[in-house]
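Engineer: The structure that follows is given in the form of structure tokens.
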Amino acid sequence: MENYCRLQIFNGTFAALKIEYFMPDIFERLLKNYGPIGQHRERAHGYFAFPKLEGEISNRMIFRGKEMIVWSLNNYLGLANHPEVRKTDAEAAKEFGLALPMGARMMSGNSNYHEQLEAELAAFEGKEDAILVNFGYQGMVSLIDVLCGRHDVIVYDAESHACIIDGLRLHPGHRYVFKHNDVEDFEKQLQRAEALISKQKAGGILVITEGVFGMAGDQGKLKEIAALKDKYQFRLLVDDAHGFGTLGKTGAGAGEAQGVQDKIDLYFSTFAKSMASIGAFIAGDKKIIDYVRYNIRSQIFAKSLPMPLVIGNLKRLELLRTQPQLKTKLWENARKLQNGLKERGFDIGKTDSVVTPVYLNGGVEEATAMVMDIRENYHIFCSIVVYPVIPRGHIIYRLIPTAVHTDDDIERTLEAFSATKKKLDAGDYKVDAIPHMANA
Ligand SMILES: Cc1ncc(COP(=O)(O)O)c(C=O)c1O
């Protein structure tokens, strides 16, 4: 590849300098560094990353041949292995197979079951209508794309999930981020958005936040945000992945818990958490849902949800609505776990949901040595978050209680945490490198 560069030498004399540019192979560049986690794959694969949990989905599962108490599955209500769910999933797969319906919803992939699930979700969320999307992540990315044009301004929380951040990448207009759950800063960003729109003389404002922030477990300040609707004009979109089924009197989520469900213009949740399934939905007023239905690219240009998933999700929704004892048990377990951690002096931050983070100090290598100890010697499996996801020197254990955990699981976990924290504080886990635990 040849490039020419024009250089002014002196007194207005010009010379052309030929520059040779060697175009690198795109894969070669990528493979120099496999990314922040991928760079450790030779030591970590199959253990710290891509572990395989085997056996029935439950509070105890098998990891590398050993039974573990598992705290890393978003199976909040324990529906993953509920006998009625398993039966419905199996019967629907037998009756319809995985191929049906063939095609995108708009073309040839619609069914009465899809429409029934949408109607039931809308009614449950107190909205006029709902639309199914195949995945939460893709659905949110595509929803942001379909809602906003180049003059619209998006105002969003700084700790938004990757699906919101990636949806913003498709947005051709401006976006203003507000400090996490900081209502004062939120109002400031709203004012900036309003000023820009007045200058442009075009566009509107979409506010995006979450019902529950999945890492720290704190609820979004929906009540305070919604209150500003009296003063400013904006539409509110809430991703309630972790609130759906776990919060509110009926389980309708964070909007219900905070008494502002009617102020949420678009309510969004995945089926991947409380429903222990696949798929997601958006609920709102009939007209806007119809607009989304006819324009959202992730559904128009993709095959619709397979029938067994739709029928399985109808069964899960029925259980979520009719078996409130599952949510009660989930909260009993969450409170026992969270209170037990606090009594033992652990910092669990600002969680006001069942998501239970445990904040510790230490380096990445230390964190991996501690995880190994807790798995190999205490038989506890939970997720760990380290740099670069969070600042260097910090470690977060992320525990997800479910309705199927037992008092014994909680007690053994609290004891193991106390024992391993003592070792962490004493420097027992200081190692030079991430332990070599990859699959042979
Ligand atoms: C807040 C939030 N939104 C969206 C998603 C993505 O959902 P799905 O797994 O259905 O793609 C998740 C799941 O991790 C989530 O926590």
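Each residue of the sequence shown is one higher than the last, beginning at 2 in my numbering.
We treat Cβ as the ideally placed atom computed from N, Cα and C, and that holds for glycine.
For clarity, every value in this text was computed on a predicted model and none was experimentally measured.
(1) Should D286 and D146 be called a contact, given that it needs their Cβ atoms to be closer than 9 Å?
(2) Using DSSP with H/G/I as helix, E/B as strand and the rest coil, what is P446?
(3) Check whether the Cβ atoms of N314 and S278 sit closer than 9 Å, and answer yes or no.
(4) Identify whether Y48 lies in helix, strand or coil by the three-state DSSP scheme.
(5) Quick one: residues in its chain with C-beta nearer than 7 Å to the C-beta of L133, no 5 flanking neighbours on either side, listed in chain order?
(6) Could you name the residues of the same chain whose beta carbon sits closer than 8 Å to that of I289, not counting the 5 residues immediately before and after it, in chain order?
(7) Should P309 and A370 be called a contact, given that it needs their Cβ atoms to be closer than 9 Å?
(8) Of the choices M276, D348, E92, N340, whose alpha-carbon is the least far from that of T247?
(9) Let me check one thing: in DSSP terms, what residues is L267 bridge-paired to?
(10) Name the two residues that bound the continuous alpha helix (DSSP H) containing K423.
(11) Compute the minimum distance between the beta carbon of G215 and the heavy atoms of ligand 1, and state whether it is under 8 Å.
(12) Express the C-alpha separation of K33 and E3 in angstroms, rounding to a whole number.
(13) Given the structure, does D426 come close to ligand 1, in the sense that its CB is under 8 Å from one of the ligand's heavy atoms?
(14) If you drop the 5 nearest sequence neighbours on each side, which residues of the same chain put their C-beta closer than 6 Å to that of A159?
(15) So, at 6 Å on beta carbons, what are the nonlocal neighbours of G79 in its own chain, with the 5 sequence-adjacent residues on each side left out?
(16) State the start and end residues of the unbroken beta strand (DSSP E) segment that holds Y114.
(17) Could you spell out where the beta strand (DSSP E) holding T357 opens and where it closes?
(18) Count the other C-beta atoms from every protein chain shown that fall within 10 angstroms of the C-beta of Q234, then say buried if there are 16 or more, exposed otherwise.
(19) With Q192 and H152 assumed to form a contact (beta carbons below 8 Å), what rounded beta-carbon distance in angstroms separates them?
(20) To the nearest angstrom, how far is it from the Cα of C149 to the Cα of T414?
(21) A417 and A45 look like a contact to me (Cβ under 8 Å); what is the Cβ gap, rounded to whole Å?
(22) Specify the secondary structure class of F187 as computed by DSSP and reduced to three states.
(23) Below 9 Å between beta carbons: does that hold for E85 and H162?
(24) Identify which residue in L318, I401, A196, L197 has its Cα closest to the Cα of N60.
(25) Select from V432, V390, Y379 the residue whose C-alpha is nearest the C-alpha of A420.
(26) Return yes when at least one heavy atom of ligand 1 lies under 8 Å from the C-beta of G221, else no.
Structural biologist: Result, derived from the coordinates:
(1) no
(2) Past the boundaries of the shown model lies residue 446; the chain is included only from 2 to 441, so the question cannot be answered.
(3) yes
(4) coil
(5) Taken in chain order, the residues that qualify are H115, L118, E119, G280, F282, L306.
(6) For I289, where only same-chain residues beyond five positions count, the Cβ hits under 8 Å are D266, L267.
(7) Result no, Cβ atoms of P309 and A370 do not sit closer than 9 Å.
(8) M276
(9) L238, G285
(10) 408-426
(11) yes
(12) Note that E3 scores a pLDDT of 48, beneath 50, so its modelled location is shaky and nothing firm can be said.
(13) no
(14) V178, K180, H181
(15) Only T403, A404, V405 meet the Cβ criterion.
(16) Not the beta strand (DSSP E): Y114 falls in the alpha helix (DSSP H), residues 113-125.
(17) 357-362
(18) exposed
(19) No, Q192 and H152 are not in contact; Cβ-Cβ is about 17 Å, not under 8 Å.
(20) 46 Å
(21) About 22 Å separates the Cβ atoms of A417 and A45, ruling out a contact at the 8 Å cut-off.
(22) helix
(23) no
(24) I401
(25) Y379
(26) Checking every heavy atom of ligand 1 against the Cβ of G221, none is found closer than 8 Å.
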